[in-house]
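> Numbering (this note's numbering) for the sequence shown: 6 to 357. Handing you this structure, nothing more for now.
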Amino acid sequence: MPDLQITYPDDLPVSQRREEILEAIRDHQVVIIAGATGSGKTTQLPKMCLELGRTSIAHTQPRRIAARAVAERISEELKVELGGLVGYQVRFTDKVSAETKVKVMTDGILLNAMQRHRNLEQYDTIIIDEAHERSLNIDFLLGYLKQLLPKRPDLKVIVTSATIDPESFSRHFNDAPIIEVSGRTFPIEVRYRPTEREAHDDTDPDEETTASDYIDGIIKSLKELEKEAEGDTLVFLSGESEIRDAQEAILGNITSGALNKNTEVLPLYGRLSAAEQHLVFQPSKIAGLRRRIILATNVAETSLTIPNIKYVIDAGTARISRYSPKAKVQRLPIEAISQASANQRAGRTGRT
């Protein structure tokens, strides 16, 4: 598309390193881009590949919500219709066309494509985003691409990671160059609130913290934030049922007057319909709204930028996919998150 205008937001750190990144992609088969949340790497790298003349770009995301949101954002910035130059494919949904040059997809979609096209000849560029998550899919993709590169000298691979050990990805790809992009962050104040159970000295440390403990803590935190300046709040919870329980409790407090009535509560998790997910990214239609509370699983931890988030409440848990050798099944137990994940979650604020 000769009339395509590619511009880069000046306030994004990745835009300030544009020339260096373009040169690295031009001169190397594999490039590692390490950047903190908010650096702009997810949305700007596909545009840089287009600027270099790449014509078939696969851009992977760990989650379906992120794939859709990233594709929408890139098409919006390029001022093109979604499904044309920029499209996306997730399970059960395919919004691409013959014109599509940037195809955002879940890593599982790219894995499936390998079964039919072993050399992935339909793509000249592959971007593996959020590689630091190190899921089974991502690890398999990275291993497969390393074997594929000698057979496809024309193929460019870009691996993006948070600033967590990017050297390991570089070593994997024979000392590929690393470009570090600092995050666009402002100071973040962190407050630790122990659950009621943890606050008592006589608590058995091995006794499991219950859902009600977390919900009580969230309600108290929301009441505390009502004394602060206006701004939306993102609450991280471990799963859909925990979100429903928290939503019910928060709405009950709004109805009783314990929380401000001009508050909107929205859930965000993988099984929601696209229309329900979009509500989080659109301006509210409620008149006189003071604050929005977004209740999300770890789908909101990476890639997604939810507008106007000023506060983050983190329950510190997530459902992590684990394989049980004894039962020979994949499980999703609730576990405490890592410090790196906690930092990623905190980074959802401190961006505006």
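The C-beta atom is built at its ideal place from N, Cα and C for all residues, glycine as well.
Since Phe174 contacts Ala136 with CB under 8 Å, what's their CB separation in whole angstroms?
Yes, Phe174 and Ala136 are in contact; Cβ-Cβ is about 6 Å, under 8 Å.
> Using three-state DSSP, classify Thr238 as helix, strand or coil.
strand
> I need the DSSP call for Ile70, collapsed to helix, strand or coil.
helix
> Whole beta strand (DSSP E) runs in the region 46–126 with 3 or more residues, listed along the chain?
DSSP runs (the beta strand (DSSP E)) wholly in the region 46–126: 62–66, 91–95, 98–100, 107–111.
> By the 10 Å Cβ neighbour count, where 16 or more other Cβ atoms means buried, how is Gly92 classified, buried or exposed?
Residue burial annotation: Gly92 is buried, with at least 16 other C-beta atoms found within 10 angstroms of its C-beta.
> Who are the Cβ neighbours of Arg198 in its own chain at under 8 Å, not counting the five residues just before and after it?
Excluding positions up to five away in sequence, the list reads Gly222, Lys225, Ser226.
> Taking 8 Å as the CB-CB cut-off, is Pro51 touching chain B?
In the structure shown, chain B cannot be found, because there is only a single protein chain.
> Between the alpha carbons of Leu87 and Thr60, how many angstroms are there, rounded?
16 Å
> DSSP three-state label for Ser166, please.
Ser166: strand per DSSP, three-state reduction.
> Do Arg22 and Leu57 have their C-beta atoms closer together than 8 Å?
no
> Whose C-beta lies closer than 6 Å to the C-beta of Asn348 among residues of the same chain, with five residues either side of it excluded?
none
> Would Thr165 and Leu264 qualify as a contact pair, given that the criterion is a beta-carbon distance under 8 Å?
no
> Are the CB atoms of Leu294 and Asn258 nearer to each other than 8 Å?
no
> Which same chain residues, not among the five before or five after Asp112, have their C-beta less than 8 Å away from its C-beta?
Thr65, Gln66, Pro67, Ile133, Ser140, Asn142, Ile143, Leu146
> Does Val334 pass the burial test, meaning 16 or more other C-beta atoms within 10 Å, or should it be called exposed?
exposed
> Once DSSP output is grouped into helix, strand and coil, what is the label at Pro272?
strand
> Please classify Phe97: is it buried, with 16 or more other beta-carbons within 10 angstroms of its beta-carbon, or exposed?
exposed
> How do the region 72–82 and the region 313–329 stand: do at least 3 beta-carbon pairs fall below 8 Å, yes or no?
no
> Taking buried to mean at least 16 other C-beta atoms within 10 Å of its own C-beta, is Glu212 buried or exposed?
Confidence at Glu212 is low in this model, with a pLDDT of 49, below 50, so the placement of that residue should be treated as unreliable; the coordinate-derived value is given next. When all chains shown are included, Glu212 counts as exposed.
> Below 8 Å on the Cβ atoms is my guess for Ile62 versus Lys106; work out the distance and round it to an integer in Å.
6 Å
> Assign Glu340 to one of three DSSP states: helix, strand, or coil.
strand
> Just to confirm my understanding: we take Arg353, look at its own chain, exclude 5 residues before and 5 after, and list those with CB closer than 6 Å. What are they?
The beta carbon of Arg353 lies closer than 6 Å to those of Leu239, Ile314, Val317 in the same chain, with the five residues before and after it left out.
> Taking C-alpha atoms, which residue in Cys54, Lys156, Val270, Pro18 lies nearest to Asp237?
Distance check between Asp237 and each of Cys54, Lys156, Val270, Pro18 places Val270 closest, using alpha-carbon atoms only.
> Return the CA-CA distance between Ser329 and Leu17, expressed in angstroms with no decimal places.
For Ser329 and Leu17, the distance between alpha carbons rounds to 42 Å.
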